[in-house]
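Each remark here refers to the structure printed beneath this line.
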Amino acid sequence: MIKPGDVIPYLKMCQVEGGINLQRGMNFRLRGGLSIILMSLRPDAPYADEVIDEGRTLIYEGHDIRKTKGAPDPKSVDQPSQNHGGSLTENGLFYNK
């Protein structure tokens, strides 16, 4: 049985979740209603995610805005909680849960 905080291989994680191909960092309400957050704590990881307070607090950057020509650097802008049409963004799904 996998417990919170366990580090497991990618393929095992996908298998345990019913064969779902987990590619995004934030996976909202998958089968069974569970949400999964993937993160890397490697020194060269592209996001500054971290776990503090003896594993009780997760600091997670979430999704960046899309990188488009003429737009600001995605790392310098918070992704809004809603898209232009009003639907929730990936970050909005978790914030409004």
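Quick note on numbering: the numbering used here labels position 92 of the sequence shown as 95, and the sequence is numbered without any gaps. Note that CB positions come from ideal geometry on N, CA and C, so glycine has one too. As the structure is a computational prediction, the values presented were derived from the model and not from experiment.
Can at least three beta-carbon pairs, one atom from the stretch 72-92 and one from the stretch 20-28, be found at a separation below 8 Å?
The way I'd put it, the stretch 72-92 doesn't touch the stretch 20-28; fewer than three beta-carbon pairs between them come closer than 8 Å.
What residue range does the alpha helix (DSSP H) around V19 cover?
Start and end: 13-19.
Distance CB(N94)-CB(G65) smaller than 7 Å:
Cβ distance < 7 Å, so N94 and G65 count as in contact.
In chain order, what residues of the same chain have a beta carbon less than 7 Å from the beta carbon of D67, not counting five sequence neighbours either side?
Correct list, in chain order: P77, K78, Q82.
Reduced DSSP category for E57 - H, G, I as helix; E, B as strand; rest coil:
Collapsing the DSSP output to three states places E57 in a helix.
N94, DSSP secondary structure in three states
In the structure shown, N94 sits in a helix (DSSP, three-state: H, G or I).
Report all residues from its chain with a CB closer than 6 Å to the CB of G8; omit the five preceding and five following residues, and keep chain order.
Closer than 6 Å at Cβ, skipping near neighbours: G58.
To the nearest angstrom, how far is it from the Cα of I62 to the Cα of S38?
Their backbone Cα atoms lie some 16 Å apart in a straight line.
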